[in-house]
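Protein chains in written order, with my numbering: chain G, 1 to 194; chain C, 195 to 516; chain U, 517 to 1076. For glycine and all other residues, C-beta sits at the position ideal for the given N, C-alpha and C. Read the structure below first, then the notes.
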Amino acid sequence: MSTAAATGPGVPENMRGRIGMASLIVAEISFFAVFIVAYLFYLGKSTTGPQPGEVLKTPIAATICLLASSVTIAIALRALRAGSLGGFRAWWLATILLGAGFLFATALEWHELIHERGLTIATNLFGTTFYSLVGFHALHVTLGLCMLAFVLAASLRGRLQPADAERTEILSWYWHFVDAVWVAVFSVVYLTAR
Amino acid sequence: MNPGSPVHAIPDMFSPVSAPAEAIRQLWWLLGGISGAILLIVGGVVWWCATRFRALPGEDREPPQVYGSNQIEFAWTIVPVLIVFVLFLATARTIYDVQAMAPPADALEVTLVGHQWWWEIRYPGLGVVTANELHVPASVPGAKRPTFLTLESADVIHSFWVPQLAGKTDVVPARRNRTWVEPTETGTFLGQCAEFCGTQHANMLLRVVVDSPGDFAAWVEAQKRPAVADPLVAAGRAVFESTSCVNCHTVAGTGAKGTFGPDLTHLMSRTTIASGAADNVHAQLRAWIVDPHAIKPGALMPAMKLPDDQVDAVTAYLSTLR
Amino acid sequence: MAVLDRSLASSSPGEAVRLPVASRLHDWVVTADHKKLGLMYIASGLVFFLVAGVMASMMRIQLAFPQNDFLGPNTFNRLMTMHGTTMVFFVGMPMFFGFANYLVPLQIGARDLAFPRLNAFGFWMFLFGGLLLYFSAIGSEGLYGAGSTPDVGWFAYAPLTSRTFSRGNATDYWILGILLSSVGSTATAINLVTTVATMRCPGMTLRRMPLFVWILWVDAILVLFVLSPLTAAQVMLLFDRFLGAHFFDTQAGGSAVLWQHFFWFFGHPEVYVLILPAFAIASEVIPVFSRKPLFGYPIMVAATICIGMISMSVWVHHMFVVGLEPGANTFFAASTMAIAVPTGIKIFNWLGTMWGGRIRFRVPMLWCTAFLVEFVLAGLTGVILATVPIDWQLSDSYFVVAHFHFVLIGGLLFNIFAAIYYWFPKATGRMLDEGLGRKHFFWFVLGFNLTFLPMHVPGLLGMPRRIYTYMPGRGWDAWNLVVTAGVAVQAVGILFFLWNVISSLRGGEPAGDDPWDAWTLEWATTSPPPEYNFEEIPTVRSRRPLWDLKHPEDPDWRWE
């Protein structure tokens, strides 16, 4: 044992946050996987209506909002790394607005389903699995928006510097993950209903 | 029922009298033999290490530092792989032998419905309904006749298990499981619910009575008759039919048509009550009617709080239902 | 090397200035130190262990005789549920996290976990989850009047857990207690994964990591994959119970079998989550007391990873009697038998480590040696149960109960005892008493075998699990009496253990930094270690840095 022969495992300092976030995402993926399995398992097994094909509309606008927000958050980070705090704020705000737009579209969809179509979580197996899966995704979007808003507030108060790009990027991983879950939900719920 | 047929008191998987249970016993000896040999070998090596390589007092020198050996690792990887492969082949064969068995045309069909905490037994082809004591014919040379069971549940998950006849199969609500037995000896074989199903899981016992083909036919004939209507116990019958007994129990040919509890049409043909929790004798039957929870706490049958003379009358009435 | 300089070491215990009780307590509550949190995990695990052990003893008294009147069915079912739930979630899990917390940073030469405050969060979530579960005893309005703990079994099979069959809130306490502690466990698992990935000291490549750390790392990754499915399933059950959803509602097309798939997709890997720390401990203790490096280190790492991966594809072996297709049963029989191979390789490598050594049978090594034999038996009955047709007879019988108590006591608990005797000196600066330790070992091993060897037999004679009473004359009576007598013998062993811990804490022989002449980094610092663990972050060149230091003429790095 001598210091001269030291060969470090070569782990950069910033890996801590990345691996922590990646681990969280693994745990979250297996959480969503169970709800997706339940949705597919019960697809078409409801004993009473309505069935997905009768009431679901493909949420194109919401999907575009969420997918676009993944692009805007990447642009915002690039702006931050380049030292452009103004550009960062603008694109970050755009991300938040797109996320909020997605949530608003979901709210409209649920309002219609509940009040006009009479589909609630207690109606049938479709309602049970649909609201749980889509609802947990929406909950994750909501949590993500809270964190994005927190970062925006920090940046507006001058607390966010280009040096924080690393931490901000790790947050963006979460946002991309939420986006990827939506791609899965969209395929499983809406594409199978057509 | 043939009074000469023995009750097999110990539900022992090593004394099978039916094809699926027999197949399992053979597999057990293969597994048990290999496992015993491995246990002896590994235990012997541990013993050898513990005696041969124990440090003696004052022996401070470090032993040779050995880090491993690929040849040895390979050897003790490949040997378990081969053993496991052989065991797997034997397993797969028995799985298909038992599970893929198709019912022959003359098989007896029985539907067994699990309830909290008793068994409803229906013979759809014969029009017989009974409870807690399953009668099946012995499959004897010249009259081979397996019994195929359809398992359903009225509430939660139960499990059908009569070790001397077959391994267990769960009784799952909203699902129809199938299993089969082909007993070759007459007698009474004991089993019980094997999946935790609530308060009285422990007292959800099942008796299987294997009759000779002739005895079985006679039993079926007796079960198909309507209930005995004995004028001597009219008072008890009146009490029975005027209380909520009839909401849960059926006595064929009377106004009692409930299905929540066991069918009582031929109650006296059974040797136990309360799903095997008590013997079907007068004192126990009376005690059961007075307060089921004294015998089986948590049972879903309520204490009817009848006055003593009415209890006597109902007991007398039920005692005539042969 | 300043770190290993003995002059820094050995501030003898009891010398430190005594603070008032209130402020010492405050220190423990607000701490984010991995060592304190580790000890709190282990201590709360031991308390839950004693509570659940008392429950087991009560059930055994009830079952000592046929038709005994000691407990009624409702009490028995509650005890059975709480015993299982407690032992799995509030004893096995905190032991894993406790030892991982305490030892992983020390063994990889780090000053703490990657996220110390997240670590504290994980611990308190775990503890509050446990307390919430037990609060049900006074807080829940059960079906049978005030005060009812959960009584649906630790596996909580649907639809027994639906509102129809489980009124009151006992089942909700079961869900929420475990759900909270699972959140804590996931947080700690994230922390461990990150710590091992990023906090290793200079020179500690993955190939030089102690096998203890390797195994716990794989274990933490496994937790990430399998714990959240349980959380998801419990959320579904909660929706069923409170929002009228139909996930497991068999009246509305829901499936009772789906719950079993979800539960056992968590539940079987969970067995490996619990047993892997035992393997980790044995891989540490056996080499040190055999005075040889671990035999076949790379193969052991590979076997651990194999076990972790295969463990996620065996869950249906809990469901062989559900009535699945023969094809499914055959596949899961194959995967379950396959997992015996890497497990067997581990046993052989431990034996290979002992072979040719100079074995010192101190108390930790006694436990590990007993573990080898008991665990082989546990594994073999496991293969017997993987044989689907035999499982049709033995599933849900006392044979299974005996099997998994061999796994969890003979496998896990024996190694936890080994670990406590082995690392107690490091954590407290004092040795546990050798004589009392041997008495503890003798009584407990005797009692354990007296309890669980005979317990296989009533299962073979048709006795199902989870029954509060049984009929006389079925051939089960004598066996059950012996089993209950064995519990009393085990209790004597536990009393010796408690006495040993309490008396050694006060007046045990001072341990010094390295009482076992061991080789990993935790023995390079003082006992107990300072808050920052190492004066200077060490640098390693092999798997056994302290061996290199003690044997400069024959260092490991020449061979690796």
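Integer Cβ distance of residue i from residue j, believed to fall under 8 Å
i	j	result
U:F802	U:M870	Residue identity differs from the one stated: residue 802 of chain U is Ile in this sequence, not Phe. Confirmed, Cβ separation roughly 6 Å.
U:V804	U:W1035	7 Å
G:V34	U:A761	The Cβ separation is near 14 Å, so there is no contact.
U:D667	U:N593	4 Å
Residue i and residue j closer than 8 Å at C-beta
i	j	result
G:L125	G:M147	no
U:G1087	U:G1002	What the structure shows of chain U is the stretch from 517 to 1076, and residue 1087 of chain U is not part of that stretch, so it cannot be assessed.
C:L328	C:L400	yes
C:T466	C:N326	yes
U:I694	U:F605	yes
U:L555	G:V26	no
C:P214	C:V292	yes
U:M828	U:V742	yes
C:P340	C:A294	no
U:L1021	U:R946	yes
U:L790	U:L696	no
G:T168	G:L43	no
G:L80	G:A165	yes
U:F613	U:Y557	yes
Proximal chain C residues relative to residue i, where beta-carbon distance stays under 7 Å
i	result
U:A850	F282
U:K808	P257, Q259, V260
U:P589	T393, Q394, A396, P491, G492
Residue i: contacting residues in chain C (beta-carbon distance under 8 Å)
i	result
U:R990	A203, I204, P205, L384
U:I498	Outside the shown range of chain U (517 to 1076) lies residue 498 of chain U, about which nothing can therefore be said.
U:P666	What U:P666 touches in chain C: nothing, since even the nearest Cβ is about 13 Å away.
Any chain C beta carbon closer than 8 Å to residue i
i	result
U:Q578	no
U:A854	yes
U:Y813	yes
U:S539	no
Any C-beta of chain U under 8 Å from that of residue i
i	result
C:W526	Chain C is shown only over 195 to 516; residue 526 of chain C falls outside these bounds and no answer can be derived.
G:M15	yes
G:V34	yes
G:F213	Residue 213 of chain G cannot be examined here, being either before or after the span of chain G that is shown, 1 to 194.
G:A122	yes
G:A193	no
C:Q293	yes
Cβ-based burial, residue i [other Cβ within 10 Å; buried from 16]
i	result
C:I272	exposed
U:G661	Residue confidence for U:G661 is low, a pLDDT of 47 falling below 50, so the modelled location carries little weight; the figure read from the coordinates is stated next. It counts as exposed.
U:V830	buried
C:A507	buried
U:D585	exposed
C:P496	exposed
G:T58	exposed
G:V151	buried
U:T1000	buried
C:F434	buried
U:K862	buried
C:L276	exposed
C:S229	buried
U:P1054	buried
Under 7 Å by beta carbon: chain U residues contacting residue i
i	result
G:V26	L740, F741
G:I19	V709, T710, A713, T714
G:L139	The premise fails here: G:L139 is roughly 11 Å from chain U at the closest Cβ pair, so nothing lies under 7 Å.
Within chain B, the residues that residue i reaches when beta carbons sit closer than 7 Å
i	result
U:Y984	In the structure shown, chain B cannot be found, because the protein chains are G, C and U.
Residue i: contacting residues in chain G (beta-carbon distance under 8 Å)
i	result
U:P745	S30, F31, A33, V34
Beta-carbon neighbours of residue i, restricted to chain U and to distances below 8 Å
i	result
G:F41	S771, L774
8 Å Cβ cutoff, residue i in contact with chain G
i	result
U:F637	no
U:F763	yes
Partner residues on chain C for residue i, Cβ-Cβ distance less than 9 Å
i	result
U:M870	V239, V240, C243, A244, F247
Contacts that residue i makes with chain G (C-beta to C-beta distance below 7 Å)
i	result
U:T702	A27
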